[in-house]
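The structure appears below as structure tokens.
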Amino acid sequence: MAKPHHDTKMTPAEVQDRIWKLADKIDICMFTTWDGERQRSRPLSARVFRAEHAIYFLVDESGHKNEQVEKYPFVSMAWVDSGGHKYAVISGRAKLSNDRARIADLWNDWDKVWWDDASDPAIRLLSVTPEDGELWDSPNTVVATAKMAYAAVTGKAPEMGENAKVDL
Numbered sequence: 215m216a217k218p219h220h221d222t223k224m225t226p227a228e229v230q231d232r233i234w235k236l237a238d239k240i241d242i243c244m245f246t247t248w249d250g251e252r253q254r255s256r257p258l259s260a261r262v263f264r265a266e267h268a269i270y271f272l273v274d275e276s277g278h279k280n281e282q283v284e285k286y287p288f289v290s291m292a293w294v295d296s297g298g299h300k301y302a303v304i305s306g307r308a309k310l311s312n313d314r315a316r317i318a319d320l321w322n323d324w325d326k327v328w329w330d331d332a333s334d335p336a337i338r339l340l341s342v343t344p345e346d347g348e349l350w351d352s353p354n355t356v357v358a359t360a361k362m363a364y365a366a367v368t369g370k371a372p373e374m375g376e377n378a379k380v381d382l
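Residue numbering for the sequence shown follows this note's numbering, starting at 215 and increasing by one per position.
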């Protein structure tokens, strides 16, 4: 039996929490870039660090996504919890680096599928600074949209309505 629909409004902080927690829980996201003509998506393992307002990926130095990020740094990441009918999308600015200390810090056993160890010179760090996010709590039902950027700078109050828009 389906649960009755309640028009419960989440606070901006609740929306932010749910987006960050869902991204952290699911790990693998569809990472989407722009190549100048088309969007390109591929699955990547996300390291979600809300306290740093960052999402990190270990990627290989080769691959078209690196060129795309360099030229068009605005990307989006989508996480799906199909069993729970929960979906989150975060968009933001991506930057590629060769930060060897951070790569070593983020390394885990799953990365051995692609590289021998964290010292592999082909590994690059892809960092994303989230700017906005959107959360769906069940199929085709938008629960809230969270604007996750520059709250301290803009000082704008969120627009509340069918979607909750907030700044971080």
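Virtual Cβ for every residue (Gly too), placed ideally from N, Cα, C.
Collapsed DSSP secondary structure at residue 331 in the structure displayed:
By 1-based counting over the sequence shown, the position of residue 331 is 117. Coil, per DSSP.
Short of 7 Å in beta carbon distance, which residues of its chain neighbour residue 318, apart from the five on each side in sequence? Order them along the chain.
Working through the sequence shown from its first residue, we reach residue 318 at position 104. Contacts found: 332.
At the level of alpha carbons, what is the spacing between residue 355 and residue 334?
In the sequence shown, counting from the first residue as 1, residue 355 sits at position 141. In the sequence shown, counting from the first residue as 1, residue 334 sits at position 120. Confidence at residue 355 is low in this model, with a pLDDT of 43, below 50, so its placement is unreliable and the value that follows should be read with caution. Residue 355 and residue 334 have their C-alpha atoms spaced approximately 44 Å apart.
Three-way DSSP call (helix, strand, coil) for residue 383 in this model:
The first residue shown for the chain is 215 and the last is 382, placing residue 383 beyond what the model contains.
Compare the C-alpha of residue 245 against each of 286, 346 and 293 and name the closest.
For the purposes of this step, residue 245 is taken as residue 31 along the sequence shown, with counting starting at 1. Out of 286, 346 and 293, 293 has the C-alpha closest to the C-alpha of residue 245.
Tell me which same chain residues have a C-beta within less than 6 Å of the C-beta of residue 282, skipping the five on either side of it?
To locate residue 282, count along the sequence shown from 1; it is residue 68. Here the set comprises 247 and 249.
At least three beta-carbon pairs within less than 8 Å, the stretch 336-352 to the stretch 295-311:
yes
Would you kindly report the start and end of the unbroken beta strand (DSSP E) that includes residue 261?
Numbered from 1 along the sequence shown, position 47 holds the residue referred to as residue 261. It spans 261-263 - the beta strand (DSSP E) in which residue 261 sits, taken as one unbroken run.
Beta-carbon proximity of residue 236 to residue 270, cut-off 8 Å:
Working through the sequence shown from its first residue, we reach residue 236 at position 22. Working through the sequence shown from its first residue, we reach residue 270 at position 56. Taking 8 Å as the cut-off, the beta carbon of residue 236 is found no closer than this to the beta carbon of residue 270.
Residues in the same chain with beta-carbon distance under 7 Å from residue 391, minus the five sequence neighbours each way, listed in chain order, please.
Shown here, the chain extends from 215 to 382; a query on residue 391 therefore has no answer.
Residue-level contact to chain D via CB, residue 243, 8 Å cutoff:
In the structure shown, chain D does not exist; there is a single protein chain.
According to DSSP, is residue 321 part of a helix, a strand, or is it coil?
On the sequence shown, residue 321 is found 107 positions in, with the first residue counted as 1. Residue 321: coil per DSSP, three-state reduction.
Please classify residue 279: is it buried, with 16 or more other beta-carbons within 10 angstroms of its beta-carbon, or exposed?
Indexing the sequence shown from 1 puts residue 279 at position 65. With 16 or more other Cβ atoms within 10 Å, it is buried.
In chain order, what are the residue ranges of uninterrupted alpha helix (DSSP H) at least 4 long that sit wholly in the stretch 244-295?
If we require 4 residues or more, the alpha helix (DSSP H) runs fully inside the stretch 244-295 come out as 278-285.
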